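**Q** Let me give you the structure first, and then I'll get to my questions.
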Amino acid sequence: MLLETPPSRGPVADAALQIGHMLDFAVLTLLAGLRSLRYRRFPWRECVHQMWFLATVTTLPAVLVTVPLGVMVAVNIGSLAGQLGAQGYGGAVVAFVIVGQAAPLICALMISGVGGSAICADLGSRKIREETDALEVMGVSTVERLAVPRVVAATVVTVLLNGVVMAVGIGVSFAFQVIALDNSPGSFLGALTEFSRLSDFMVAEIKAAAFAVCAAIVACYKGLTVKGGPSGVGDAVNEAVVLAFVLVFIVNVVVTELYTVIVPARGAY
Numbered sequence: 000m001l002l003e004t005p006p007s008r009g010p011v012a013d014a015a016l017q018i019g020h021m022l023d024f025a026v027l028t029l030l031a032g033l034r035s036l037r038y039r040r041f042p043w044r045e046c047v048h049q050m051w052f053l054a055t056v057t058t059l060p061a062v063l064v065t066v067p068l069g070v071m072v073a074v075n076i077g078s079l080a081g082q083l084g085a086q087g088y089g090g091a092v093v094a095f096v097i098v099g100q101a102a103p104l105i106c107a108l109m110i111s112g113v114g115g116s117a118i119c120a121d122l123g124s125r126k127i128r129e130e131t132d133a134l135e136v137m138g139v140s141t142v143e144r145l146a147v148p149r150v151v152a153a154t155v156v157t158v159l160l161n162g163v164v165m166a167v168g169i170g171v172s173f174a175f176q177v178i179a180l181d182n183s184p185g186s187f188l189g190a191l192t193e194f195s196r197l198s199d200f201m202v203a204e205i206k207a208a209a210f211a212v213c214a215a216i217v218a219c220y221k222g223l224t225v226k227g228g229p230s231g232v233g234d235a236v237n238e239a240v241v242l243a244f245v246l247v248f249i250v251n252v253v254v255t256e257l258y259t260v261i262v263p264a265r266g267a268y
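Following numbering that gives the first Met the number 0, the numbering of the sequence shown begins with 0 at its first residue and continues without gaps.
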């Protein structure tokens, strides 16, 4: 199946049509992945290569963003808790902020802005060189051969990266509150373990996986439907990053609201 960019029909119609095409592409990618596993032709080598590439380009930036974020959280929480006389609840707030929201969003921004732009540029350059058309002529599905391994690689890397970011964020916040703010290590860890639950960490990983799937789907779709030569590739990369960011925040709101409904807050039951 050759992927083509739909003709222009006006801004609103184009946006609606593009959303429909992306949903169709997402379903097509899912079916292609299941088919490749069923017939034992999943491109593992390409998937591992993409995993290594995404890990190398996203891990260090994510950690560098997490360190000042952990310090900022520790400073703000320490100052506010000191005013309220609740210094012992710093660990609980860190769990809510870093585990529940900050860590998955940092990973999503990294995989969308760094990894997603690289994926879109790679596929877009192959598209304008007509490599994808040549694969289709030879009977090789570009979705199965190119898109599926990149979506899987982005999901795996983002889930693992989310664990690293959570550990770094909590560790930096703990160290800053204990060393710089002279708070009690026991009270920090006690509040952290008392108010955080295993389900919080699981939902954070689910968020990271959902964000990665959205970002990778958008990047692959934009890359495989690019038109207009090298300038079209640049436009596709910009559009892919913006669309991925928008989808990430929408999915974050939906998953967060569903989690609060399904799993009541501690003390609410």
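Note that CB positions come from ideal geometry on N, CA and C, so glycine has one too. Quantities reported herein were computed from a predicted structural model and do not represent experimental measurements.
Which same chain residues end up closer than 8 Å to Ala267 when comparing Cβ atoms and leaving out the 5 residues on each side of it in sequence?
**A** Since pLDDT at Ala267 reaches only 47, below the 50 mark, its modelled position is unreliable, and the value read off the structure follows with that caveat. There are no such residues.
**Q** Report the residue ranges of all alpha helix (DSSP H) runs contained in full by the region 13 to 83; include only those spanning at least 4 residues, in chain order.
**A** Listed in chain order, the complete alpha helix (DSSP H) runs (minimum 4 residues) inside the region 13 to 83 are 43 to 83.
**Q** Considering Phe210, what are the terminal residues of the alpha helix (DSSP H) in which it resides?
**A** Element bounds for Phe210: 197 to 223.
**Q** Starting from Lys126, follow the alpha helix (DSSP H) in both directions and report where the run begins and ends.
**A** Element bounds for Lys126: 116 to 127.
**Q** For Gly112 versus Val240, is the C-beta spacing smaller than 8 Å?
**A** Closer than 8 Å, so yes.
**Q** In angstroms with no decimal places, state the Cα-to-Cα distance between Val70 and His48.
**A** Distance between the alpha carbons of Val70 and His48: 34 Å.
**Q** Under the assumption that Val98 contacts Ala203 (Cβ atoms under 8 Å), give the Cβ distance between them as a whole number of angstroms.
**A** Val98 to Ala203, Cβ: 5 Å. Contact.
**Q** By the three-class DSSP mapping on this structure, what secondary structure does Gly99 have?
**A** Residue state, collapsed to three classes: helix.
**Q** On the three-pair Cβ rule with 8 Å, is the region 139 to 150 touching the region 236 to 256?
**A** The answer is no - the region 236 to 256 does not touch the region 139 to 150, with fewer than three Cβ pairs under 8 Å.
**Q** Out of Lys126, Val245, Val163, which one is the CA nearest neighbour of Cys213?
**A** The shortest Cα separation from Cys213 among Lys126, Val245, Val163 belongs to Val245.
**Q** Could you check whether Leu53 and Val270 sit closer than 8 Å to each other, using their CB atoms as the reference points?
**A** There is no way to answer for residue 270, as the model of the chain reaches only from 0 to 268.
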